[in-house]
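Numbering (my numbering), first residue to last: 10 to 189.
We put the beta carbon where it would ideally sit given N, CA and C, even for glycine.
Since this is a predicted model, take the numbers as computed values, not measurements.
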């Protein structure tokens with residue numbers, strides 16, 4: 010009996026260690042670097058009411074926001090001229106794995122992992138904690154800012170598998186900062 014209990018204990022410890030390893034985030038820090046945007050035309054966009062701003066390259070044009078997207082929390086949509094890449098901004102509740110309001114960015118990150126996101130990490134961009142994740146099923150890259158009131162702002166880029174979209178997503182996410 011003691012051997013069985015010892016075996017069960019070993020299995021539980023190994024599962025706990027694996028779960029901990031999956032939940033370890035890097036908290037890597039990134040800062041806006043003006044030189045990265047020197048050759049890209051664009052403008053600074055303030056997200057009214059959210060206290061954030063970001064640099065929008067000229068390659069993205071404002072797109073009409075369909076009612077079905079507005080109904081699920083999308084507040085702005087942009088697309089390239091040839092519609093090969095899209096970028097949306099959404100705002101809404103931040104959930105945890107029990108589908109309750111998330112109390113921390115770590116709970117929100119765990120929720121993303123639970124619903125199928127890959128490469129989930131928490132990073133710091135210009136002093137702002139942010140979750141980065143990929144949703145392979147939708148071919149999207151997502152950058153989520155958690156607010157203390159249990160809400161989130163999500164920047165979504167698609168197709169994430171496209172090299173140009175991935176480059177723009179990375180650049181734009183590093184420009185996200187507190188609005189002046």
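Endpoints, the alpha helix (DSSP H) within which residue i is located
i	result
residue 86	That residue, residue 86, is in no alpha helix (DSSP H); its beta strand (DSSP E) goes 83-88.
residue 126	Here residue 126 belongs to no alpha helix (DSSP H), and DSSP marks it neither H nor E.
residue 78	76-79
Extent of the continuous beta strand (DSSP E) run through residue i
i	result
residue 51	51-56
residue 65	61-66
Contacting residues, own chain, Cβ-Cβ under 6 Å from residue i (five flanking each side not counted)
i	result
residue 122	129
residue 119	106
residue 153	140, 161 and 163
residue 148	167, 168, 169 and 170
Beta-carbon separation (whole angstroms), residue i vs residue j, contact threshold 8 Å
i	j	result
residue 8	residue 45	Not covered by the structure: residue 8. The range shown for the chain is 10 to 189.
residue 176	residue 68	That pair is no contact at about 10 Å.
residue 124	residue 183	The pair is not a contact, with the Cβ atoms about 26 Å apart (cut-off 8 Å).
residue 81	residue 65	The Cβ separation is near 22 Å, so there is no contact.
residue 167	residue 145	About 12 Å; that fails the 8 Å criterion.
Own chain partners of residue i with C-beta closer than 7 Å, once the 5 adjacent residues on each side are dropped
i	result
residue 114	131, 138, 140 and 155
residue 90	70
Cβ shell of residue i (< 8 Å), same chain only, five flanking positions each side left out
i	result
residue 186	41, 61, 62, 63, 134, 135, 136 and 137
> Would you call the region 88-100 and the region 153-163 touching, i.e. three or more CB-CB distances under 8 Å?
Replying inline: Output reads yes: the region 153-163 touches the region 88-100.
> What are the complete beta strand (DSSP E) segments, minimum 3 residues, inside the region 88-113?
Replying inline: 95-102
> Per the contact definition of three or more C-beta pairs closer than 8 Å, is the region 101-117 in contact with the region 140-160?
Replying inline: yes
>> If we require 3 or more residues per run, which beta strand (DSSP E) segments fall completely within the region 129-184?
In response: 137-144, 149-155 and 160-167
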